[in-house]
Amino acid sequence: MHGAHQGLGEGPGLGRRSGPVAVQGCRTDRDTLCRACRAFLSGTCASTNNGASIYIEAKKKPDSYQTEKGTPLWQDTFLTRIPKGPAGQFIYPTPFTHMVMGYSKNQKAAKDVLRWASSKPIFGQWFTSQQGFCTGPTKDWEKDPVWEVDPVLLPFKDVGRIATRYAGHAGPSGRAAAETVTKYVITDMYAKAIQGMAPEESVKWAHDELVKIYV
Numbered sequence: 347m348h349g350a351h352q353g354l355g356e357g358p359g360l361g362r363r364s365g366p367v368a369v370q371g372c373r374t375d376r377d378t379l380c381r382a383c384r385a386f387l388s389g390t391c392a393s394t395n396n397g398a399s400i401y402i403e404a405k406k407k408p409d410s411y412q413t414e415k416g417t418p419l420w421q422d423t424f425l426t427r428i429p430k431g432p433a434g435q436f437i438y439p440t441p442f443t444h445m446v447m448g449y450s451k452n453q454k455a456a457k458d459v460l461r462w463a464s465s466k467p468i469f470g471q472w473f474t475s476q477q478g479f480c481t482g483p484t485k486d487w488e489k490d491p492v493w494e495v496d497p498v499l500l501p502f503k504d505v506g507r508i509a510t511r512y513a514g515h516a517g518p519s520g521r522a523a524a525e526t527v528t529k530y531v532i533t534d535m536y537a538k539a540i541q542g543m544a545p546e547e548s549v550k551w552a553h554d555e556l557v558k559i560y561v
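Numbering (the numbering used here), first residue to last: 347 to 561.
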């Protein structure tokens, strides 16, 4: 892969086979495409740590997103996993949990809907629509036909096997951990250092922010 991985991502990284290389600091915005997505699609950066959304967006609009040679950008894009480090290879997953509130007056109906939505035929339709962007809850989903459609998305196929470190690891994955993620404390720690703050100062800043959350 060309370029540099950015921030803390939820899956394999995305890069271009050719083109300019630039470090693009990013945080996820709430609009359709995050800043890193727009930077990649506009050619400002050549690599980013993101899921398949950029690739899928480029594939949907081949005339809108092209390389400097005028060819569809998606054809010059690939996905790969974050490189292994001394302690192994890890990916930060984004788990989804469905709950029925205890105060709900529609307990049975709500549980029936969740059973229906989680049934293999129904979940399978949603899984297929994600084009590999979603990791199946069991190993059985690694056999799904969706993985035969586009080989570029294969890095997601068995990502669940290494996506074992959830927010708060190695501590509890509780409210404080969730707040740390939603406030981008760790991501901003790296971003501040990249933007020129002394590494020691950026770490101290992050420590102080975590103290506010956990203490």
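Built from N, CA and C at the ideal position, the CB exists for glycine as well.
Could you tell me which residues DSSP pairs with residue i in its beta bridges?
i: residue 435; result: For residue 435, which the question treats as bridged, DSSP gives no partner whatsoever.
Whose C-beta lies closer than 7 Å to the C-beta of residue i among residues of the same chain, with five residues either side of it excluded?
i: residue 554; result: none
i: residue 368; result: With a pLDDT of 33 at residue 368, under the threshold of 50, the modelled position of this residue cannot be trusted; read the value that follows with caution. Within the same chain, residue 368 has close Cβ partners 390, 391, 392.
i: residue 473; result: 480, 482, 487, 490, 492
i: residue 514; result: 520, 523
Going by C-alpha distance, which of the options is nearest residue i?
i: residue 510; options: 542, 437, 494; result: 437
i: residue 528; options: 556, 464, 516; result: 556
i: residue 533; options: 449, 395, 387; result: 395
i: residue 519; options: 560, 414, 413, 387; result: 560
i: residue 434; options: 442, 543, 508; result: 508
Just checking my contact of residue i with residue j at CB under 8 Å: how many whole Å lie between their CB atoms?
i: residue 471; j: residue 496; result: The Cβ separation is near 18 Å, so there is no contact.
i: residue 404; j: residue 419; result: 5 Å
i: residue 545; j: residue 539; result: 5 Å
i: residue 425; j: residue 498; result: 6 Å
For residue i, which residues from the same chain have a beta carbon less than 8 Å from its beta carbon, with the 5 sequence-adjacent residues on both sides left out?
i: residue 517; result: 523
i: residue 468; result: 462
i: residue 450; result: 456
Once the 5 residues before and after residue i are set aside, which same chain residues still bring their CB inside 6 Å of it?
i: residue 311; result: Since the first and last residues shown for the chain are 347 and 561, residue 311 lies out of range.
i: residue 383; result: 400
Check your understanding: At what residue ranges does the stretch 396-481 contain a whole run of the beta strand (DSSP E), taking only runs of 3 or more?
Key -> Here the runs fully enclosed are 423-426.
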